[in-house]
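Written below as structure tokens is the structure these notes are about.
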Amino acid sequence: MSSLISELRRRNVLKMAAAYAVVAWILIESGSVLLPTFGAPEWFFKAYVLVIIGGFLLSLTLAWIFEWTPDGVKLEKDVDRSESITHETGRRLNFSIIGLLLVALSISLVLNFTGMRAGESQSTRAAIGSSIAVLPFSSISTDPENELFTDGIHDDLLTSLANIKSLKVISRTSVMEYRGTTRNLRNIASELGVETVLEGSVQRVGDNIRINVQLIDALTDEHIWAERYDKKLTAKNIFQIQSEISETITSALRAKLTPEEQDRLELIPTENMQAYSLVTAARSNLNKRQLETLRFARGQFQQAIDLDPNYSQAHSGLADSILLLMINHNAVAREDAIVQASQSLETALALDPNNATAYASLGLLKINTAHHENNDALLAEAESAFLRAIELSPGHAETYSWYASLKDEQGDRDKAISLYQKSLELDPLARIPRSNLAAMYAKMGQNELALEHWLEGVRINPEWPAAYDYVANQLLGLGRLDEAYAWATRAEALSDDPQTAQALYGVLLLFDEPAAAQAILRKTKEGHPLFNIVDGYEKFVGEDYAGALASWEQANAAGLVTKKEYILQPAADSALMIGNDTKALDYTLQLAPELANGDIKFSLHNTKNALRYAFLLQRSDPSNQRSAELLEKLLEYVDASPRLGVSGHGYRDVQILAITGRPELALERLQIAADAGFRGAKNFDSWSLQTDPYLESIRNTPQFQAVQDQIAAEVRELKNRVYPGNPQQLEAIRAATLQAQRL
100 MSSLISELRR RNVLKMAAAY AVVAWILIES GSVLLPTFGA PEWFFKAYVL
150 VIIGGFLLSL TLAWIFEWTP DGVKLEKDVD RSESITHETG RRLNFSIIGL
200 LLVALSISLV LNFTGMRAGE SQSTRAAIGS SIAVLPFSSI STDPENELFT
250 DGIHDDLLTS LANIKSLKVI SRTSVMEYRG TTRNLRNIAS ELGVETVLEG
300 SVQRVGDNIR INVQLIDALT DEHIWAERYD KKLTAKNIFQ IQSEISETIT
350 SALRAKLTPE EQDRLELIPT ENMQAYSLVT AARSNLNKRQ LETLRFARGQ
400 FQQAIDLDPN YSQAHSGLAD SILLLMINHN AVAREDAIVQ ASQSLETALA
450 LDPNNATAYA SLGLLKINTA HHENNDALLA EAESAFLRAI ELSPGHAETY
500 SWYASLKDEQ GDRDKAISLY QKSLELDPLA RIPRSNLAAM YAKMGQNELA
550 LEHWLEGVRI NPEWPAAYDY VANQLLGLGR LDEAYAWATR AEALSDDPQT
600 AQALYGVLLL FDEPAAAQAI LRKTKEGHPL FNIVDGYEKF VGEDYAGALA
650 SWEQANAAGL VTKKEYILQP AADSALMIGN DTKALDYTLQ LAPELANGDI
700 KFSLHNTKNA LRYAFLLQRS DPSNQRSAEL LEKLLEYVDA SPRLGVSGHG
750 YRDVQILAIT GRPELALERL QIAADAGFRG AKNFDSWSLQ TDPYLESIRN
800 TPQFQAVQDQ IAAEVRELKN RVYPGNPQQL EAIRAATLQA QRL
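Just so we're aligned, residue 100 is where the sequence shown starts under this note's numbering, counting upward by one.
Shown next, in the form of structure tokens:
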């Protein structure tokens, strides 16, 4: 044994081991700091360490087999012992080891005293107190009902945690994107902007329930806390488990729990297990936001109420389903929805005055009631409801999004943008707030920024049809018809809902393909809220204005359409086109009764009605003062608004100037519009430039014809690039749009 050690010393194997150990320490220490900085995954660092360990064994083997000589490296067995210089090599190794130790000491001092080594753990500790993503719980069962039940428990836990002010909790929409994922937790946490992740599973066995949860530090993969709960399956036990988990997480993340928050955690909303199961299933349907799932949700919430009339969350959920059926699908008449949702929310808040989601829904209800009753005073009540909801549940992302829409309406766009950004901070993968934020930028005339945000929505949710329709509508408004067509066809391919084919319908009209546009309309299925207005639109596209008007009036008289605007707006245009000014005026005032009374607050949505109303007044009396005042105020509003984009006015200024006897300026503005990208009237109004009733005073001028010819030539060129197109060509166009627009 002693001879082996002597030989190891003679061959400098031990000194090589010491030198390599110091080098390995330097490499591992440096790698532990630098690799995460450059985004290297955890497996890469582990592989990196294993390679270094393998190198240690290799270096010892090489030191034993080879020897350094004045003539270079030779096999040890070929070296004459009398000529060996291992003692000199050993001395050099001694100096090398001393030098490496000094380097190692320097690195250690730098990492410790500058905080670089501690930086990761310190940032983790700081963030641990405020941020968490609760990933979807796994269902330990093949029964689909158990998955719904598991989702319900997960949803309730998210709601409980969102009520705690000192925590940042990522909302449901974003975390559900990671259902069943095997991705690295560090990457997930980075994408969601958190430092800790909660994983869990739910298993029902007979009359018992088992819930396993583990809280993980995403940066280090260390388990902060884990627990298993085995209890009898009752609603009360489920809520108690959720309360315990919330309290433990709050403590583990060093967050503060106020007495009020503690009281809300201990609340038992219902002890009826069947009612609880119905509400969890209803919420799952509600979150899908589709027409049929919302109808199912409405029925399930009502069944839960029948089982437990004191279940506050069931009442507020019923209100949500009614409001979303009205807002998203026009499947409930506005006046009916307002009455029914009001009753449900009143009951919900009477049963639980601290029901945060009920206050958020109340704010949304007040906004819609204000619109229906033309009562801006209700907007202040909406704001109070949103503020109360945020006070009770500062982590409820949807509240910030709804509140942002209110501030946008009130003209406080900076506040609206900050609220949308807050909503996205809590729910970074959410669809609606990102789309609404893009719409905000479009209204401000920041069309490229708006497009970038809508495209980001496609990148995040590539299977969401509406995301493609939003992009297509923006491109349509910008006059980029070839790109708009490529994006619109994808939206239509992903969904059979005609509302996601709006952009395609608009592009086809500008491409002068009325039959193809009518075919889009005919895809509307019987039972869809828009089914009974399709016949009128088909006739309108075919320029049968009298037939279109008769069709819409028949549908209106029979009460076949829940949202009157869908009938009254085109009916007013049809009446105008056939010269029935009495009906046109009547329908216009039904749409916007405020036009007849004093000042009016213009917006993107009422400029069309205001223009029609003023035009009709002028046509009946050219000296009508109300008409003149409205048109001047409308021109002032239009001049301050963007021309192009989904929120652009298009050529509204041209129409106003033509009506008010300023043809030269009208023609000048029309040329400006065409040069900017205006491609035609049909995506801003219901008619073509050639048939626009407002342009009578300039239609027969050479300048008008020249601009019209310019627009027609540009549209033909854009159409020829893509129509009808093949899938590969259209996909390439979409890819080019994405590549050109990057946030």
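Glycine included, each C-beta is placed from N, C-alpha and C at the ideal position.
Straight-line measurement puts the Cα of Ser702 at about 16 Å from the Cα of Asn467. Pro561 sits away from Ala590, with the two beta carbons spaced by 8 Å or more. Between the beta-carbon of Gln412 and that of Pro358 there is about 22 Å, and that puts the pair past the 8 Å contact cut. Beyond the five residues adjoining it in sequence on each side, His253 comes within less than 7 Å, by CB distance, of Val233, Pro235 and Phe236 in the same chain, given in chain order. Around the CB of Gly605, 16 or more other CB atoms lie within 10 Å, so the residue is classed as buried. Per DSSP, the beta bridge partners of Thr295 are Ile231 and Asp316. Using a C-beta cut-off of 8 Å, the segment 237-256 makes no contact with the segment 318-327, since fewer than three inter-stretch Cβ pairs fall below that distance. In the three-state DSSP reduction, Glu434 falls in the helix class (H, G or I). The secondary-structure analysis by DSSP pairs His322 across a beta bridge with Ile315. For Asn467, the enclosing alpha helix (DSSP H) covers residues Ala455 to Glu472. Taking 8 Å as the cut-off, the Cβ atoms of Gly578 and Gly776 count as close.
Under the three-state reduction of DSSP output, Ile310 falls in the strand class.
Nearest neighbour of Ala585 by Cα position, chosen from Leu729, Asp451 and Gln827, turns out to be Gln827. Under the DSSP assignment, Ala351 falls in the alpha helix (DSSP H) whose first and last residues are Ala334 to Ala351. Looking at the backbone, the Cα of Ala459 and that of Gly510 are separated by about 20 Å. Ranked by Cα distance from Asp405, the first of Leu366, Thr281 and Asn371 is Asn371.
Spatial neighbours of Leu716 in its own chain (CB-CB distance under 7 Å, excluding positions within 5 residues in sequence) are listed in chain order as Asn723, Arg725 and Ser726. Remark: C-beta atoms of Leu297 and Ile231 approach each other more closely than 8 Å. Inclusion of Ala440 and Ala455 in the CB contact set at 8 Å is not warranted, their separation being larger than that value. In the three-state reduction of the DSSP assignment, Tyr328 falls in the strand class, which pools E and B.
Within the same chain, Cβ atoms closer than 8 Å to the Cβ of Leu829 are found at Tyr584, Ala585, Thr588, Arg589 and Val821, the five residues on either side in sequence being excluded. The secondary-structure analysis by DSSP pairs Gln302 across a beta bridge with Arg309. Around Leu291, the same chain offers Ala232, Ile269, Ser273 and Pro527 as residues with beta carbons nearer than 7 Å, after the five sequence neighbours per side are excluded.
Listed in chain order, the alpha helix (DSSP H) elements of length 4 or more contained wholly in the segment 664-743 are 664-676, 680-690, 706-719 and 724-738. For the pair of segments examined, the segment 477-495 was found not to touch the segment 422-441: the number of CB pairs separated by less than 8 Å stays below three. Judged by their CB atoms, Ala469 and Leu477 are nearer to each other than the 8 Å cut-off.
Annotation: Glu582 to Ala656 spans about 40 Å, alpha carbon to alpha carbon.
Of the residues Tyr375, Leu364, Ile348 and His428, the one whose Cα lies closest to the Cα of Lys387 is His428. The C-alpha of Leu788 lies about 33 Å from the C-alpha of Ala834. Taking C-beta atoms as the reference points, Gly635 and Ala645 fail to come closer than 8 Å. Counting only residues of its own chain and dropping the five nearest sequence neighbours on each side, Leu667 has a CB closer than 7 Å to the CB of Tyr686, Gln689 and Leu690. In the structure shown, Ser238 falls within a strand segment according to DSSP collapsed to helix, strand and coil. Rounded to whole angstroms, Ala537 and Leu424 show a C-alpha spacing of 24 Å. Using a Cβ distance threshold of 8 Å, His552 and Tyr567 do not count as a contacting pair. In this structure the segment 806-815 lies against the segment 765-783, because at least three pairs of beta carbons, one per stretch, are closer than 8 Å.
Annotation for Glu246: Ser238 and Ser240 place their beta carbon closer than 8 Å to its own, counting only its chain and skipping 5 residues before and after.
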